[in-house]
Structure formats: C-alpha cells, structure tokens
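Visitor: What follows is a structure written as structure tokens; I'll ask about it next.
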Amino acid sequence: MPELPEVETVARELRAAGVVGRRIVQARVSWPRTVATPSARAFVRGVKGRRIASLDRRGKYLVIRLTGGRYVLVHLRMTGQLFFATGAARRGKHEHLTLRLDDGRELRFRDTRKFGRWYLLEDAETKLGALGPEPLSPELTARAFGRRLAARRAMLKPLLLNQAFIAGLGNIYVDEALWDAGLHPRRKSDSLREEQRRRLYLSIRKVLRRGIESMGTTLGAGLTNFRTVEGGYGSNKDNLRVFRRAGEPCPRCGAAIKRMIVGQRSTHICPRCQRVRGA
DNA sequence: ATCGCAGCCTGTACGC
DNA sequence: TGCGTACAGGCTGCGA
C-alpha cells in the first residue's frame, strides 16, 4: 500500500529513469474512471505533446509538472503501480493508463483494485492545498508539529491518517510510529505531554526515513503488493515491528503483539508498551 | 470537530 | 479441489 516512502521511491526511480525532459507523444486510458478529472478524453488531449518539466512527490501524490504550466497528479491508492514497457508490448491485465514518451518507452499504470486516480490540473494546489505539512520537511519542526497535535482532540490513529493533518502517512507507518513512540492509537491528541508529542514527531520521521532507505514496504509477492518502478520489492517489511505481527513478541518488551480495530482500521500494538493512559 | 459507516474494487485467505 | 464469504485499505461523502 503506497504511502509516503513508497511514493517517494517511485518518484526517485522515475527521475533516475530519465522521465524528466521527455515529451508525452500519446496517452491512452482503458478504464475511464482512472482519470478523476477532467474526463478521460480531455486528459488524453490535455497531456499529448507536453513535455515533463519535473516530477516530485507531495504527500502520497506523484506530482508531474508539464510544460505550459499544467500538472498531472497520480495517486496510487491501494494497488497502483507504474512501470515501463516498450510500445510493442501487449497491454497486460489491470493496465488502465499509458503515457507514450518520445524515446519510445511507455510509462504504464497497473492497478488491480482500480482505486488509483490521475488528475490533470491547471493548478496543482487545488488538490495539494488540502494537504497538511510534509512530515520530513525542515519547516515542520517538533514544536510546530506539537502545536498542531495539541490543537486537536482526536484519537492519534485517525488523526495521523488524516492527510489534512499531516501528509503521507498510511496504516503501516502510523502503527509503526505509534509503537516507536510508545503511544496507544486511541490516545487523544490533546492529552499528550510535551515530551510525548516530541517523541511522536521523531518516531514518525524515523519510520518514514527508514522506509525510504528500504525503498518502501512490500508485504508479499502478490499482484496487490507494492512494487518499485523497476519491478523490485521494497525491503522495509523487515523493519516492521508490529504491523501484521499479531501474536509475535514485541521487540522491545516481549509481550504478544495485539491486533485491534481503531477508527475502522486494522491496528497493531504492543499492549505493554502502548497504554491508553489519559485517553 | 470528531466519529462511524457505506462505497469504490478485486485478489487473497479462510472455513467447510 | 472448489465454493462462498470476509477482508484488506485510501479516500470521499454522508449522517450522527
């Protein structure tokens, strides 16, 4: 499930593959709902002939700036994958969108569950403006994050998953960050002591950085699991301490890891290291 | 403001 | 082995 480290990995690989500077000579959409806005037809017309001026990540979005000042945003959601193919290669299963580049390569989008979305926008801020701060940005200091936390009264887990509060975290990295910080996912954000807020800030950055270094989390070998642009696996699964480890011993205290539902989401905690105190 | 739930999808894991 | 069913999860929109 692509979260910040996975999308960052994809962005880096696409840049390394020399996508920036290439011209899009043709686009094809075979599952129209893949394009959230505008219509699939208008999307195809709108990107054709444009050059890719830059490619970055914001939150879980891939941000592709085209010449002439318009933007393609890509959200991989659950199972979206980007990879290269030659123009001659037959369209494979679950491939819903293709950009043909002027060097003969095709950038293809495969998405088994069809939740992924592409946007063509005149102004990227119409989408990105709704996002909270980048967790790894130097502008988000421990103090600034602490103030944001203290200003809300929500359970930590759903709050950290809220992209308007902080951008880029998903189920995996939230569970890992809360375990690292020793905080219960149902703990209320305004009940933390200053030192705990700071610790959560550091834990979030730690698990995200580690995720990026490992090129993301690939949980299994199936179609629905994260793959890099080059078709590789991210190795961050080896770094997960609690996520999908119910019943295994906590690496810190040895207590059995527990699975529970918080905010309708599958959640993993160490019941000894992460108490509800104050919630 | 916060929370819960349905819906979007389909591969996967499970029970029988 | 095969069938049926629940589940996974990011995000949106709705109601409470």
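Taking our numbering, the leading residue of the first sequence gets -2, the next gets one more, and so forth.
In this text, a Cβ means the ideal position worked out from N, Cα and C, and glycines have one as well.
Since this is a predicted model, take the numbers as computed values, not measurements.
#1: Taking a contact to mean a Cβ-Cβ separation below 8 Å, would you say Leu79 touches Phe106 in this structure?
#2: Looking at Pro246: is its Cβ nearer than 8 Å to the Cβ of Arg238?
#3: I'd like the list of long-range same chain contacts for Pro35, defined as Cβ closer than 8 Å, with 5 residues on each side in sequence excluded.
#4: Rounded to the nearest angstrom, how far is the Cβ of Lys154 from that of Val259, given a contact under 8 Å?
#5: Once you ignore the five residues that flank Ala33 on each side, which residues in its own chain have a CB closer than 7 Å to its CB?
#6: Roughly how many angstroms lie between the CA atoms of Thr221 and Thr214, to the nearest whole one?
#7: Just the Cα atoms here: how many angstroms apart are Leu11 and Lys185?
#8: Would you check if the stretch 160 to 171 and the stretch 128 to 148 touch, i.e. whether three or more CB-CB distances between them fall below 8 Å?
#9: Based on DSSP bridge pairs, tell me the residues matched to Ile21.
#10: So the beta strand (DSSP E) Arg262 belongs to, where does it begin and stop?
#11: Using a threshold of 8 Å, state whether the C-beta atoms of Arg74 and Phe40 are closer than that.
#12: Report all residues from its chain with a CB closer than 7 Å to the CB of Trp28; omit the five preceding and five following residues, and keep chain order.
#13: Mapping the DSSP letters down to three states, classify Arg48 as helix, strand or coil.
#14: So which of Val22, Arg55, Arg195 has the shortest CA-CA distance to Gly101?
#15: Under a three-way DSSP split, which group does Ile201 fall into?
#16: Here's a check: name, in chain order, each residue in its chain whose Cβ is nearer than 7 Å to the Cβ of Lys203, leaving out the five neighbours to either side.
#17: Answer with buried or exposed for Gly217, where buried requires no fewer than 16 other C-beta atoms within 10 angstroms of its C-beta.
#18: Quickly, what does DSSP pair Tyr116 with across the bridge? List them, please.
#19: Under a three-way DSSP split, which group does Leu137 fall into?
#20: For Ile169, name the three-state secondary structure that DSSP assigns.
#21: So the candidates are Ser211, Gly228, Gly179; which of them puts its Cα closest to the Cα of Gln193?
#22: According to DSSP, what are the bridge partners of Thr83?
#23: Whole angstroms are fine: how far does the CA of Ser188 sit from the CA of Ala321?
#24: Could you check which residue in Arg256, Asp235, Cys250, Asn236 has the C-alpha nearest to that of Gly244?
#25: Could you tell me the distance, in whole angstroms, from the CA atom of Pro182 to the CA atom of Asp172?
#26: When we look at the beta-carbon of Ala253 and count the other beta-carbons within 10 Å, is it buried (16 or more) or exposed?
Guide: Short version:
#1: yes
#2: no
#3: Gly43, Leu117
#4: 5 Å
#5: Arg114, Trp115, Tyr116
#6: 12 Å
#7: 39 Å
#8: yes
#9: Leu98
#10: 262 to 266
#11: no
#12: His93, Lys111
#13: strand
#14: Val22
#15: helix
#16: Asp177
#17: exposed
#18: Thr34, Leu70
#19: coil
#20: helix
#21: Gly179
#22: Arg102
#23: Examination of residue 321 is not possible in this model, given that the chain is present from -2 through 276 alone.
#24: Arg256
#25: 8 Å
#26: exposed
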